[in-house]
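*Asks:* Next up is a structure, given as structure tokens.
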Amino acid sequence: MLLAPCSLLPNATLQENIMSLTDAEKNRYARHFTLPEVGSEGQEKLKASSVLCIGTGGLGSPIALYLAAAGVGKIGLVDDDKVEASNLQRQIIHGESWIGKSKLDSAKSRLLETNPHIEVVTHHARFTAANAIEIAQDYDVIIDGTDNFPTRYLSNDVSFLLKKPNVYGSIFRFEGQMSVFAPHLGGPCYRCMLPEPPDPGSVPSCAEAGVLGVLPGIIGSLQAMEAIKLLLGAGKPPLGKLLHYDALNTEFRTFNLRKDPQCPLCGDNPTVTALIDYENFCGLTPPSTMTEITVTELRQKLDQGLDGILIDVRMQQEYDAARLEQSRHIPLPTIVNAASGLPKDQNLYIHCKGGVRSARACAQLADLGFTKLINIEGGLDAWREQIDPALPPA
Ligand SMILES: [Zn+2]
């Protein structure tokens, strides 16, 4: 595979807009100046450059913190979540006093505390096909710190269409992987590696599978390093290489990835030439047989005597910590096996923590011929917020 010279950056504007450093900045970045790959010129390049970090969670925390500390001039953050206590074991950019508040406000405050000489731009939204181009076009490098399939494909596609490098990272329990996808510089894209998303439900989320907090710290730090190398034009980015880390056995391995001539995005006859519906592509569109009700409606129905079965699809430890008394517990990974014991002629009211996993449970049951599926919008979080604040957090 031919690797393009990695003085990626691309835009002539970057070269023209080199910004000189103040004395305070020169002092702050002194340890970078003695590195021949950085020096004052490299530091000025970093100051003139910009990175979009999608997500401010487990991966996004170290990514954004290290980019800020290193002096990347403009850091964009995209997220629409609030800080939760159960995030803090891995999302080290956030602290106790920010629980219940916007992740973006928390992250911005922490980044500017780390380095007041940078600009932090917050995009309070979910990163979707509707806003991705508009948000991403202003940045030199895109880093996916979200770790879910729809965003991974979206981040890959938008980066390809805008000819910007996409720094990919992914974690699962004690294992993680990282690569840089940038077909315009050489090598494959994410779709070459994984043409089809896995079946929804076949890959558990962090909430279901668990993740040791240090792991996203390691993978996110690797992503931050690759972004900085790309901005500096230092070393070689892992184009066409997938780095895999196995924490339990303390092993790093590198796999070669090949560009797929049949790739629908970067192949010889592309069929994906604009952004698509990524939820749908990943099989996450709610089934047509599913309806949704609010927690207030659920409360009324429970008060009147529920005309069906209430099912909680969260994991055991979440169920043990807090639950609705009337609920029957069927964790999402077991829902297909448990389906034979469920009646098809009764309403199945399904809830989880926030409404996403329960929608996936509905989709899996719909595939098995169930039609009376009712998803509880906002799940137990909404119940706690709107009905019963005394419900313990889970
Ligand atoms: Zn491709």
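Position one of the sequence shown corresponds to residue -8 (this note's numbering), numbered consecutively onward.
All residues carry an ideal CB built from backbone N, CA and C; glycine is no exception.
Remember, predicted model here, so these are calculated numbers, not experimental data.
#1: Ignoring anything shorter than 4 residues or poking outside the region 89 to 169, list the alpha helix (DSSP H) runs there in chain order.
#2: Is it right to say G369 is buried, meaning 16 or more other beta carbons lie within 10 angstroms of its own, or is it exposed?
#3: With a threshold of 6 angstroms (Cβ to nearest heavy atom), would R182 be considered close to ligand 1?
#4: Measure the alpha-carbon distance for V111 versus I66 and round it to whole angstroms.
#5: For I326 and S349, I'd like the C-alpha separation in whole angstroms.
#6: Using the Cβ count rule (16 or more neighbours within 10 Å means buried), how would you classify G287?
#7: Just how far apart, CA to CA, sit Q377 and Q295?
#8: Can G387 and G46 be called in contact, C-beta distance under 7 angstroms?
#9: Quick one: Cα of P179 to Cα of G62, how far?
#10: CB S392 to CB D303, shorter than 7 angstroms?
#11: Let me check understanding here. Comparing Cα to Cα, which of C183, V171, E242 lies closest to L213?
#12: Would the beta-carbon of P334 be found less than 6 angstroms away from any heavy atom of ligand 1?
#13: Would the C-beta of P179 count as close to ligand 1, meaning under 6 angstroms from any of its heavy atoms?
#14: Which same chain residues, not among the five before or five after A229, have their C-beta less than 6 angstroms away from its C-beta?
#15: Nearest-angstrom Cα distance between P252 and M184?
#16: How about L248 and L233: are their beta carbons less than 7 angstroms apart?
#17: Could you tell me the distance, in whole angstroms, from the CA atom of I90 to the CA atom of T241?
#18: So what's C343 in DSSP terms, helix, strand or just coil?
#19: Go through its chain and collect everything with a Cβ distance to P141's Cβ below 6 angstroms, but skip five positions before and after it.
#20: Compute every distance between the C-beta of L387 and the non-hydrogen atoms of ligand 1, then say whether any falls below 6 angstroms.
#21: I need the straight-line Cα distance from S(-2) to L289, nearest angstrom please.
#22: When we look at the beta-carbon of D336 and count the other beta-carbons within 10 Å, is it buried (16 or more) or exposed?
#23: If you compare alpha carbons, which of M10, P189, F361 is closest to T282?
#24: Of all the alpha helix (DSSP H) runs that stay within the bounds of the region 24 to 69, which reach a length of 4 or more residues?
#25: Rounded to the nearest angstrom, what separates I84 and E75 at their Cα positions?
#26: Rounded to a whole number of angstroms, what is the C-alpha to C-alpha distance between I126 and A39?
#27: The beta strand (DSSP E) spanning F243 covers which residue range?
#28: What residues are listed by DSSP as bridge partners for M281?
#29: Compare the C-beta of Q295 with all C-beta atoms of chain D and state if any pair is closer than 7 angstroms.
#30: Within 10 Å of its beta-carbon, does T259 have 16 or more other beta-carbons around it, so buried, or fewer, so exposed?
#31: Can you name the start and end residues of the alpha helix (DSSP H) that L223 belongs to?
#32: Secondary structure at D268, three-state DSSP: helix, strand or coil?
#33: State the start and end residues of the unbroken beta strand (DSSP E) segment that holds G299.
#34: Since L50 and E35 should fall inside the 8 angstroms C-beta cutoff, what is the C-beta to C-beta distance between them, to a whole number of angstroms?
#35: Beta strand (DSSP E) containing Y310: first to last residue?
#36: Grouping DSSP H, G and I as helix and E and B as strand, with all else coil, what is G369?
*Replies:* On the basis of the coordinates in this document:
#1: Counting whole runs of 4 or more residues, the region 89 to 169 contains the alpha helix (DSSP H) stretches 94 to 105, 123 to 127, 140 to 153.
#2: For this step, residue 369 is matched to residue 378 along the sequence shown. So G369 ends up on the buried side.
#3: Translated into positions along the sequence shown, residue 182 becomes position 191. Indeed, a heavy atom of ligand 1 lies less than 6 angstroms from the Cβ.
#4: Indexing the sequence shown from 1 puts residue 111 at position 120. Indexing the sequence shown from 1 puts residue 66 at position 75. Those two C-alpha atoms are separated by around 5 angstroms.
#5: The residue given as residue 326 occupies position 335 in the sequence shown. The residue given as residue 349 occupies position 358 in the sequence shown. Between the C-alpha atoms of I326 and S349 there is a straight-line separation of about 10 angstroms.
#6: Residue mapping note: residue 287 aligns to position 296 of the sequence shown, counting from 1. The displayed chain sequence assigns Thr, not Gly, to residue 287. So T287 counts as exposed.
#7: If you number the sequence shown from 1, residue 377 lands on position 386. If you number the sequence shown from 1, residue 295 lands on position 304. Cα-Cα distance, rounded: 19 angstroms.
#8: Because the chain is modelled from -8 through 385, residue 387 falls outside the range shown and cannot be assessed.
#9: Translated into positions along the sequence shown, residue 179 becomes position 188. Translated into positions along the sequence shown, residue 62 becomes position 71. Pairing P179 with G62, the inter-Cα distance amounts to about 29 angstroms.
#10: What is shown of the chain runs -8 to 385, which leaves residue 392 out entirely.
#11: Looking up residue 213 in the sequence shown gives position 222. The residue from C183, V171, E242 with its alpha-carbon nearest to that of L213 is V171.
#12: Start at 1 with the first residue of the sequence shown, and residue 334 comes out as number 343. False, no ligand heavy atom lies under 6 angstroms from that Cβ.
#13: For this step, residue 179 is matched to residue 188 along the sequence shown. Yes, Cβ of P179 sits closer than 6 angstroms to a heavy atom of ligand 1.
#14: Residue numbering aside, residue 229 sits at position 238 when the sequence shown is read from its first letter. According to the sequence provided, residue 229 is Pro. The question's Ala does not apply to it. Counting only Cβ-Cβ distances below 6 angstroms, and skipping sequence neighbours, we find S170, V171.
#15: As a first step, residue 252 must be located in the sequence shown, where it is residue number 261. As a first step, residue 184 must be located in the sequence shown, where it is residue number 193. Counting only the Cα atoms, M184 lies some 12 angstroms from P252.
#16: For the purposes of this step, residue 248 is taken as the residue at position 257 of the sequence shown. For the purposes of this step, residue 233 is taken as the residue at position 242 of the sequence shown. It is a contact, given that the beta carbons lie within the stated cut-off.
#17: Along the sequence shown, one-based indexing puts residue 90 at 99. Along the sequence shown, one-based indexing puts residue 241 at 250. Those two C-alpha atoms are separated by around 33 angstroms.
#18: Position 352 of the sequence shown holds residue 343. Coil at C343, not helix or strand.
#19: Mapped onto the sequence shown, residue 141 falls at position 150. Cβ contact annotation for P141 (same chain, cutoff 6 angstroms, sequence separation greater than five): Y269, E270, C273, in chain order.
#20: Outside the shown range of the chain, which is -8 to 385, sits residue 387, and nothing can be said about it.
#21: Taking the sequence shown and counting its residues from 1, the one referred to as residue -2 is at position 7. Taking the sequence shown and counting its residues from 1, the one referred to as residue 289 is at position 298. Confidence in S(-2) is poor, its pLDDT being 49 and thus under 50, which makes the residue's placement unreliable; the coordinate value appears in the next sentence. Their Cα atoms are separated by approximately 57 angstroms.
#22: Within the sequence shown, numbered from 1, the residue matching residue 336 stands at position 345. In summary, D336 is exposed, with fewer than 16 beta-carbon neighbours lying within 10 Å of its beta-carbon over all protein chains present.
#23: Looking up residue 282 in the sequence shown gives position 291. The residue with the shortest Cα to Cα distance from T282 is F361.
#24: The qualifying runs are 30 to 39, 51 to 61.
#25: Counted from its first residue, the sequence shown places residue 84 at position 93. Counted from its first residue, the sequence shown places residue 75 at position 84. Straight-line measurement puts the Cα of E75 at about 12 angstroms from the Cα of I84.
#26: Here residue 126 is taken as the residue at index 135 of the sequence shown, counted from 1. Here residue 39 is taken as the residue at index 48 of the sequence shown, counted from 1. So the two alpha carbons sit approximately 18 angstroms from each other.
#27: Taking the first residue of the sequence shown as position 1, residue 243 is located at position 252. Its beta strand (DSSP E) spans residues 242 to 247.
#28: Position 290 of the sequence shown, counted from the first residue, corresponds to residue 281. M281 pairs with L364.
#29: Checking the listed chains, one finds no chain D in this structure; it contains a single protein chain.
#30: For the purposes of this step, residue 259 is taken as residue 268 along the sequence shown, with counting starting at 1. This sequence places Asp at residue 259; Thr is not what is there. With a 10 Å radius around the Cβ and a threshold of 16 neighbouring Cβ atoms, D259 comes out exposed.
#31: The sequence position of residue 223 within the sequence shown is 232, counting from 1. It spans 205 to 223 - the alpha helix (DSSP H) in which L223 sits, taken as one unbroken run.
#32: Along the sequence shown, one-based indexing puts residue 268 at 277. Three-state DSSP puts D268 in coil, outside helix and strand.
#33: Reading the sequence shown from its first residue, position 308 is the one you call residue 299. Element bounds for G299: 299 to 303.
#34: As a working mapping, residue 50 is identified with position 59 in the sequence shown. As a working mapping, residue 35 is identified with position 44 in the sequence shown. The beta carbons of L50 and E35 sit about 28 angstroms from each other, so the pair does not count as a contact at 8 angstroms.
#35: Position 319 of the sequence shown, counted from the start, is the residue given in the question as residue 310. Careful: Y310 lies outside any beta strand (DSSP E), inside the alpha helix (DSSP H) at 307 to 312.
#36: Along the sequence shown, read from residue 1 onward, the residue named residue 369 stands at position 378. DSSP, reduced to helix, strand and coil, places G369 outside both helices and strands of the structure shown, so it counts as coil.
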